[in-house]
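Engineer: If you read the protein sequences in the order shown, they are chains A, B and C. One point on numbering: in this note's numbering, the residue at position 89 of the first sequence is 89, and numbering is uninterrupted. One point on numbering: in this note's numbering, the residue at position 48 of the second sequence is 48, and numbering is uninterrupted. One point on numbering: in this note's numbering, the residue at position 48 of the third sequence is 48, and numbering is uninterrupted. Have a look at this one before I ask anything.
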Amino acid sequence: MLKAFELIPRALFERVVVFVLICASTVAVLITVGIFLSLIFETILFFQKVPIVDFLFGLHWSPQTAIREDQVGAAGAFGALPLLVGTFLISAVALTVSGPIGLMAAIYLSEYAGKGFRDFIKPALEVLAGIPTVVYGFFAALVVAPLLRDSGAAFGVSISSESALAAGLVMGIMTIPFVSSISDDAITAVPNSLREGALALGSTKSEAVRKVILRAALPGITGGMLLAASRVIGETMIVVMAAGLTANLTINPFEAVTTVTVQIVTLLTGDQEFDSAKTLAAFALGLLLFLITLLINVTALAIVKRYRERYE
Amino acid sequence: MADIASPSTETNTDVAFIGVYKPFAECEAASRTKLAAKNLNLFYSGKQALHGINIDIAAKQVTALIGPSGCGKSSFIRCFNRMNDLIDGCKVDGEVVLDGTDIYSPDQDVVALRSRVGMVFQKPNPFPKSIFDNVAYGPRILGMAHSKSEMDEIVKTSLTSAGLYDEVKSRLDAPGLSLSGGQQQRLCIARAIAVRPEVLLMDEPCSALDPIATSKIEALIQELREDYTIVIVTHSMQQARRVSDQTAYFHLGRLVEHGETGRIFDCPEDERLRDYVMGRIG
Amino acid sequence: MIDHSIVQERVRVRLRQRHLAENRFKVYGIFSIGLAVVFIAVLFATIVNTGSSAFKQTKILLQVDLGGDQFGGNIPPKEKDIEAANFHLLTKRAIYKAFPTVMSRGGKRQLYRLLSSGAPFQLKNIVKESPDVVGKTIKVWVTASDDVDMVIKGKVPRDAGPDLRRLTNQQMGWLRELEKAGALTTKFNTTLFLSGDSREPELAGIGGALVGSFLSILVCIALALPIGVLSAVYLEEFAPKNRYTDLIEVNINNLAAVPSIVFGLLGLAIFLNMFDLPRSAPLVGGMVLSLMTLPTIIIASRASIKAVPPSIREAATALGASRVQVAFHHVVPLARPGIMSGTVIGVAQALGETAPLLMIGMVAFVVDIPGGILDAATALPVQVFLWSDIPERAFSERTAAAIVILLAFTMLMNLTAVILRRKFETSW
Numbered sequence: 001m002l003k004a005f006e007l008i009p010r011a012l013f014e015r016v017v018v019f020v021l022i023c024a025s026t027v028a029v030l031i032t033v034g035i036f037l038s039l040i041f042e043t044i045l046f047f048q049k050v051p052i053v054d055f056l057f058g059l060h061w062s063p064q065t066a067i068r069e070d071q072v073g074a075a076g077a078f079g080a081l082p083l084l085v086g087t088f089l090i091s092a093v094a095l096t097v098s099g100p101i102g103l104m105a106a107i108y109l110s111e112y113a114g115k116g117f118r119d120f121i122k123p124a125l126e127v128l129a130g131i132p133t134v135v136y137g138f139f140a141a142l143v144v145a146p147l148l149r150d151s152g153a154a155f156g157v158s159i160s161s162e163s164a165l166a167a168g169l170v171m172g173i174m175t176i177p178f179v180s181s182i183s184d185d186a187i188t189a190v191p192n193s194l195r196e197g198a199l200a201l202g203s204t205k206s207e208a209v210r211k212v213i214l215r216a217a218l219p220g221i222t223g224g225m226l227l228a229a230s231r232v233i234g235e236t237m238i239v240v241m242a243a244g245l246t247a248n249l250t251i252n253p254f255e256a257v258t259t260v261t262v263q264i265v266t267l268l269t270g271d272q273e274f275d276s277a278k279t280l281a282a283f284a285l286g287l288l289l290f291l292i293t294l295l296i297n298v299t300a301l302a303i304v305k306r307y308r309e310r311y312e
Numbered sequence: 001m002a003d004i005a006s007p008s009t010e011t012n013t014d015v016a017f018i019g020v021y022k023p024f025a026e027c028e029a030a031s032r033t034k035l036a037a038k039n040l041n042l043f044y045s046g047k048q049a050l051h052g053i054n055i056d057i058a059a060k061q062v063t064a065l066i067g068p069s070g071c072g073k074s075s076f077i078r079c080f081n082r083m084n085d086l087i088d089g090c091k092v093d094g095e096v097v098l099d100g101t102d103i104y105s106p107d108q109d110v111v112a113l114r115s116r117v118g119m120v121f122q123k124p125n126p127f128p129k130s131i132f133d134n135v136a137y138g139p140r141i142l143g144m145a146h147s148k149s150e151m152d153e154i155v156k157t158s159l160t161s162a163g164l165y166d167e168v169k170s171r172l173d174a175p176g177l178s179l180s181g182g183q184q185q186r187l188c189i190a191r192a193i194a195v196r197p198e199v200l201l202m203d204e205p206c207s208a209l210d211p212i213a214t215s216k217i218e219a220l221i222q223e224l225r226e227d228y229t230i231v232i233v234t235h236s237m238q239q240a241r242r243v244s245d246q247t248a249y250f251h252l253g254r255l256v257e258h259g260e261t262g263r264i265f266d267c268p269e270d271e272r273l274r275d276y277v278m279g280r281i282g
Numbered sequence: 001m002i003d004h005s006i007v008q009e010r011v012r013v014r015l016r017q018r019h020l021a022e023n024r025f026k027v028y029g030i031f032s033i034g035l036a037v038v039f040i041a042v043l044f045a046t047i048v049n050t051g052s053s054a055f056k057q058t059k060i061l062l063q064v065d066l067g068g069d070q071f072g073g074n075i076p077p078k079e080k081d082i083e084a085a086n087f088h089l090l091t092k093r094a095i096y097k098a099f100p101t102v103m104s105r106g107g108k109r110q111l112y113r114l115l116s117s118g119a120p121f122q123l124k125n126i127v128k129e130s131p132d133v134v135g136k137t138i139k140v141w142v143t144a145s146d147d148v149d150m151v152i153k154g155k156v157p158r159d160a161g162p163d164l165r166r167l168t169n170q171q172m173g174w175l176r177e178l179e180k181a182g183a184l185t186t187k188f189n190t191t192l193f194l195s196g197d198s199r200e201p202e203l204a205g206i207g208g209a210l211v212g213s214f215l216s217i218l219v220c221i222a223l224a225l226p227i228g229v230l231s232a233v234y235l236e237e238f239a240p241k242n243r244y245t246d247l248i249e250v251n252i253n254n255l256a257a258v259p260s261i262v263f264g265l266l267g268l269a270i271f272l273n274m275f276d277l278p279r280s281a282p283l284v285g286g287m288v289l290s291l292m293t294l295p296t297i298i299i300a301s302r303a304s305i306k307a308v309p310p311s312i313r314e315a316a317t318a319l320g321a322s323r324v325q326v327a328f329h330h331v332v333p334l335a336r337p338g339i340m341s342g343t344v345i346g347v348a349q350a351l352g353e354t355a356p357l358l359m360i361g362m363v364a365f366v367v368d369i370p371g372g373i374l375d376a377a378t379a380l381p382v383q384v385f386l387w388s389d390i391p392e393r394a395f396s397e398r399t400a401a402a403i404v405i406l407l408a409f410t411m412l413m414n415l416t417a418v419i420l421r422r423k424f425e426t427s428w
């Protein structure tokens, strides 16, 4: 196809092509700008109906829209705090599962496992990583939640069928390959000279790992955990299918809680006016989510970068 | 033949336990053999790197291993603390003996071995910890000290023996990596001797250092000789002359000649050694 | 000064503990990996177990008398005759004929309930396809109702009692008779693959969702691949090292980590509201998916382009090629396997995305199979989500079956990506 353009002067052609390339590259920036603008506009409209303080610090979430024109806007409560607490509760459960398991798996695979074992297990973990989240959600709702509820009942403990534990557990499973992969990279990046230095002094492998290698790999591992946290916070389908719909301000993982992402979905699926407070609330939540995950991602990258410079 | 590639060579500590280390106070006669290799062959993934090495290393003396690069000196020295176990596909055939016991026998505890045979590497590799913690690392994991004051004493003694104490005594909490190259290497030496090994293996310890740092370490080696058996790999003949009591010349994976340093350099017997000493090969 | 013999003793004691600690540590490692493997196994086993039965569907054999009186007396009948004919009646007559002893209205209603509500439509389609059967008596396999289906497939035990079974004992008796006569069997469930969604589980299929997903991904690749590759080429081959380039790179890395639901919100606000594009359309779905796939393609393409050795570029330049020619005639073709591999992975991810599609409305109940990228449609993962909410047992098994198909596609694509990468991996 490029041959067809041979009649055009080469220099001009080159300039045009490079211009097209620059435009293509700018799309990435445009998308980010688009996200920001679309979220901010709607959020501003939202804060005209609901005060920002109520939103960020309110303890009550029960979004209703004024049905009639003359109804005062305080028909519903838009306090996002229960949502944030719910989100963090489920994320905490998830990271408690995936953190230790992912890290130990990575340590074993990189420091102990033979090549055959590694070649078998690594693809197996990749399989776990490639499963769509809606499948995990189905699994959580169909198998894990009832199992937890029934085992809880057997021990006399009341576990909700939409417990934070069920959703968090499954989210943890989903995140194991991610944590393992990033930790593996961080551990392998530690210079071999440190490893040899520790072993030559008569350390056992676990001592070398725990006292030298992990300390050196810590920035990378921490960065990885933060990225995993960001993923879990932004996750939607598992919580929509397995977590609750009503806001509940608690840190008890046996209870049902709802999250920011669940509420975004609930507020927007269904017929309503685009400008109603409910719809706008979804965008405000979206902006909140975007900013939180952005903050975590930036922090993660900064940690990795700063400590990499220190050790090299 | 000990297969290094098998995953577990660590063993039950109660059987064939060769003893953690021997106290300093025991004087060992200079003519006693501390380390020996008997018909040692080394293979990297099938390719043979060392051929039939037979050598006795004398106790409390400095033995230098010299020879052109790539002739197996580093591979050989790493046999003495079984660091070759860490390399995939490395196989060792023959015996390597420490105080009369084969360290490649299946019931040898490698972890215990390595605290008896210490190593200093070519490029200084202090841990990303403070100076104090670097030196204290070995004693801590070994459980040598039962109180803070005991640990302080161990660290101070080691740093002093390594000739570094006066330079760092005011900043023991500073990171080990903040020291200069020569200081880092002395830190690594301090770290190695903190666990009171009997043997110190040094794999070209000065090749990454400037001449002043090098001479400091060479002086240090002379002092350490009183307490440790030292085997040093060096590519510098002059260094071997300055520092060692015995010298062994390696050529293409074979031990060609071994003897008292002065004699080796003044009257080399083997032609290959003569060529090396004259500078015709290198 | 510490007594050496005391130190020696301490070290010896510690050594045993240290070895034990080492073994414990190894066990933790294997245990963790074991847990992960068990999770995968349980996940797959549950889903396959639940869903495998959905690939079969119970059918009942009817002898249908297609008398000409229903078709306006015309043989072969005209189209309007077929439309006017009462297939419900024909179907009812057929099932009543199979059980002539059943007289009461209640009994007859029970009989008809053994069949799916879609049975008359299935009959109609058969007549439409071959109108010359009118006037004859034909044997037709029609779909049984979902209650019958569940019992026959063993999902509900036969002796479970009429409430759980949703079938009376009398109906069970009839089913046994049909079985004995060879008029009741399970066949491969083509409906699952070919049909659109339905309120009745036995008539519901993922056909619409498959087409919707396919069209969405087509749009997604059409947008993300060219933009992604061109961006990668620019960043690797042309971009100067300045603040603007850094900005682009930072943006790409950030976008890769943005939660998918945010892209859905973007699609809702801009594509649906500002541009007024049709809701639920694969066009919009594809556009939103392309936003998410773009970073993946860019990052993978950059890596492949970077892997092309500089010597290739130098050789081409030395022969007089311009920068554009070097990039597009030499570098990109060599980077193609890596680019394709990255695209396949991006598509595999896009195939499983649900949340953003919910935002742009692809969550409606869509019965017809979409014809183009502007028709209302749903996507496979969304279909899974919709069905998972329905408590009926028959829908549970279909949800699991749809998941099996979704996973099969995803794994196939991941495998393809790996094979692509390995097959074309030339050692430079």
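The C-beta atom is built at its ideal place from N, Cα and C for all residues, glycine as well.
Would you check if the distance between the CB atom of LEU184(C) and the CB atom of LEU175(C) is smaller than 8 Å?
Structural biologist: Residue numbering aside, residue 184(C) sits at position 184 when the third sequence is read from its first letter. Residue numbering aside, residue 175(C) sits at position 175 when the third sequence is read from its first letter. The beta carbons of LEU184(C) and LEU175(C) sit closer together than 8 Å.
Engineer: Can you pull the chain C residues whose beta carbon is under 7 Å from the beta carbon of ALA112(B), in chain order?
Structural biologist: Counted from its first residue, the second sequence places residue 112(B) at position 112. Those within 7 Å of ALA112(B) in chain C are LEU15.
Engineer: Tell me which same chain residues have a C-beta within less than 7 Å of the C-beta of THR299(A), skipping the five on either side of it?
Structural biologist: Mapped onto the first sequence, residue 299(A) falls at position 299. Within its own chain, the residues whose Cβ lies closer than 7 Å to the Cβ of THR299(A), once the five positions on either side in sequence are excluded, are LEU226, listed in chain order.
Engineer: Under 8 Å: do the segment 174 to 183 of chain A and the segment 218 to 225 of chain A share three or more Cβ pairs, one atom per stretch?
Structural biologist: The answer is yes - the segment 218 to 225 of chain A touches the segment 174 to 183 of chain A, with three or more Cβ pairs under 8 Å.
Engineer: Please report the residue range of the alpha helix (DSSP H) in which MET119(B) lies.
Structural biologist: Against the second sequence, residue 119(B) aligns to sequence position 119. Premise fails: MET119(B) lies in the beta strand (DSSP E), 117 to 120, not in any alpha helix (DSSP H).
Engineer: What do you reckon, are the CB atoms on ILE369(C) and GLY196(C) nearer than 8 Å?
Structural biologist: By one-based count along the third sequence, residue 369(C) stands at place 369. By one-based count along the third sequence, residue 196(C) stands at place 196. Yes. Within cutoff.
Engineer: For the segment 212 to 228 of chain A, which residues have a beta carbon sitting closer than 8 Å to at least one beta carbon of chain B?
Structural biologist: VAL212, ARG215 and ALA216
Engineer: So what's LEU59(A) in DSSP terms, helix, strand or just coil?
Structural biologist: On the first sequence, residue 59(A) is found 59 positions in, with the first residue counted as 1. In the structure shown, LEU59(A) sits in coil (DSSP, three-state: anything other than H, G, I, E or B).
Engineer: Have a look at MET278(B) and ASP266(B) and give me their C-alpha separation to the nearest angstrom.
Structural biologist: Here residue 278(B) refers to the residue found at position 278 of the second sequence. Here residue 266(B) refers to the residue found at position 266 of the second sequence. Taking the straight line from one Cα to the other gives about 11 Å.
Engineer: What are the boundary residues of the beta strand (DSSP E) that includes ASP65(C)?
Structural biologist: By 1-based counting over the third sequence, the position of residue 65(C) is 65. Segment 56 to 65, the beta strand (DSSP E) holding ASP65(C).
Engineer: Between ILE30(C) and LEU62(C), how many whole angstroms is the CB-CB distance? I'm expecting something under 8 Å.
Structural biologist: Translated into positions along the third sequence, residue 30(C) becomes position 30. Translated into positions along the third sequence, residue 62(C) becomes position 62. Not quite, the Cβ-Cβ distance comes to about 59 Å (not below 8 Å), so this is no contact.
Engineer: Please check the pair ALA167(A) and VAL239(A), which I expect to be a contact at CB under 8 Å, by giving their CB distance rounded to whole angstroms.
Structural biologist: Counting from 1 along the first sequence, the entry for residue 167(A) is found at position 167. Counting from 1 along the first sequence, the entry for residue 239(A) is found at position 239. Indeed they touch by this definition, with Cβ atoms about 5 Å apart.
Engineer: Report buried or exposed for SER69(B), applying the criterion of at least 16 other Cβ atoms within 10 angstroms of its Cβ.
Structural biologist: What you label residue 69(B) is simply residue 69 of the second sequence in a count that begins at 1. Exposed is the call here.
Engineer: For a cutoff of 8 Å on Cβ pairs, would you count THR188(A) as touching chain B?
Structural biologist: Numbered from its first residue, the first sequence carries residue 188(A) at position 188. So, not an interface residue.
Engineer: Listing by chain order, which chain C residues have their CB less than 8 Å from the CB of LEU98(B)?
Structural biologist: On the second sequence, position 98 is the one that residue 98(B) refers to. The contacting residues do not exist; LEU98(B) stays about 16 Å from chain C at best.
Engineer: Which residues of chain B have a Cβ atom closer than 7 Å to the Cβ of THR204(A), listed in chain order?
Structural biologist: Numbered from its first residue, the first sequence carries residue 204(A) at position 204. Residues of chain B passing the Cβ test: VAL111.
Engineer: Comparing the C-beta of ALA106(A) with each C-beta of chain B, is any distance below 8 Å?
Structural biologist: Here residue 106(A) refers to the residue found at position 106 when the first sequence is read from its first residue. At a cut-off of 8 Å between C-beta atoms, ALA106(A) does not count as an interface residue with respect to chain B.
Engineer: Kindly list, in the order they appear in chain C, the residues whose Cβ is closer than 7 Å to that of LEU142(B).
Structural biologist: As a working note, residue 142(B) is residue 142 in the second sequence. The answer, in chain order, is VAL11 and ARG14.
Engineer: What number of angstroms, rounded off, separates the C-alpha of ILE173(A) from the C-alpha of ALA140(A)?
Structural biologist: For the purposes of this step, residue 173(A) is identified with residue 173 of the first sequence, where counting begins at 1. For the purposes of this step, residue 140(A) is identified with residue 140 of the first sequence, where counting begins at 1. So the two alpha carbons sit approximately 11 Å from each other.
Engineer: At 7 Å on the CB atoms, spell out the chain B contacts of LEU109(A), in chain order.
Structural biologist: Taking the first residue of the first sequence as 1, we reach residue 109(A) at position 109. Simply none; closest approach about 13 Å.
Engineer: Going straight from the alpha carbon of GLU235(A) to that of LEU177(B), what length do you get?
Structural biologist: Position 235 of the first sequence holds residue 235(A). Position 177 of the second sequence holds residue 177(B). GLU235(A) and LEU177(B) have their C-alpha atoms spaced approximately 42 Å apart.
Engineer: Could you have a look at PHE254(A) and say whether DSSP puts it in helix, strand or coil?
Structural biologist: Along the first sequence, read from residue 1 onward, the residue named residue 254(A) stands at position 254. The answer is coil: DSSP assigns PHE254(A) none of H, G, I, E or B.
Engineer: Rounded to whole angstroms, what is the Cα-Cα separation between THR58(C) and ALA119(C)?
Structural biologist: Numbered from its first residue, the third sequence carries residue 58(C) at position 58. Numbered from its first residue, the third sequence carries residue 119(C) at position 119. Spanning the two alpha carbons is a distance of roughly 12 Å.
Engineer: Please go through the segment 147 to 193 of chain C and give each complete beta strand (DSSP E) segment of 3 or more residues, from N-terminal end onward.
Structural biologist: 184 to 188
Engineer: Helix, strand or coil for ALA204(C)? Go by DSSP, reduced to three states.
Structural biologist: For the purposes of this step, residue 204(C) is taken as residue 204 along the third sequence, with counting starting at 1. Coil.
Engineer: With a threshold of 8 Å between beta-carbons, can THR410(C) be considered close to chain A, or not?
Structural biologist: Locating residue 410(C) in the third sequence gives position 410, counting from the first residue. At least one chain A Cβ lies under 8 Å of THR410(C).
Engineer: Alpha carbons only, please: which of ILE90(A), GLU14(A) and ILE8(A) is nearest the one belonging to SER322(C)?
Structural biologist: Counted from its first residue, the third sequence places residue 322(C) at position 322. It is GLU14(A).
Engineer: For chain C, check one thing: does any of its Cβ atoms lie closer than 8 Å to the Cβ of THR269(A)?
Structural biologist: Position 269 of the first sequence, counting from 1, holds the residue named residue 269(A). For THR269(A), the answer is yes, since a Cβ of chain C falls inside 8 Å of its Cβ.
Engineer: Could one say the Cβ of VAL7(C) lies closer than 8 Å to chain B's Cβ atoms, at least one of them?
Structural biologist: By 1-based counting over the third sequence, the position of residue 7(C) is 7. Residue contact with chain B for VAL7(C): present (Cβ-Cβ distance below 8 Å to some residue of chain B).
Engineer: Looking at C-alpha atoms only, which residue of ASP159(C), GLY320(C), HIS330(C) and PRO295(C) is the closest neighbour of VAL312(C)?
Structural biologist: Counting from one through the third sequence, the residue named residue 312(C) turns up at place 312. The question names Val, but residue 312(C) in the sequence shown is Ile. If we check each option's Cα against that of ILE312(C), HIS330(C) comes out closest.
Engineer: So, do the segment 69 to 84 of chain C and the segment 103 to 112 of chain C have three or more beta carbon pairs nearer to each other than 8 Å?
Structural biologist: no
Engineer: Checking 8 Å against the spacing of the C-beta atoms, do PRO197(B) and SER115(B) come in under that value?
Structural biologist: Looking up residue 197(B) in the second sequence gives position 197. Looking up residue 115(B) in the second sequence gives position 115. A contact, by the Cβ cut-off of 8 Å.
Engineer: Which of helix, strand or coil does DSSP assign to GLU235(A)?
Structural biologist: On the first sequence, residue 235(A) is found 235 positions in, with the first residue counted as 1. GLU235(A) falls in the coil class under three-state DSSP.
Engineer: Assign PRO9(A) to buried or exposed, taking buried as 16 or more other Cβ atoms, counted over all protein chains shown, within 10 Å of its Cβ.
Structural biologist: Sequence index remark: in the first sequence, residue 9(A) carries index 9 (1-based). Exposed, since its Cβ has fewer than 16 Cβ neighbours within 10 Å.
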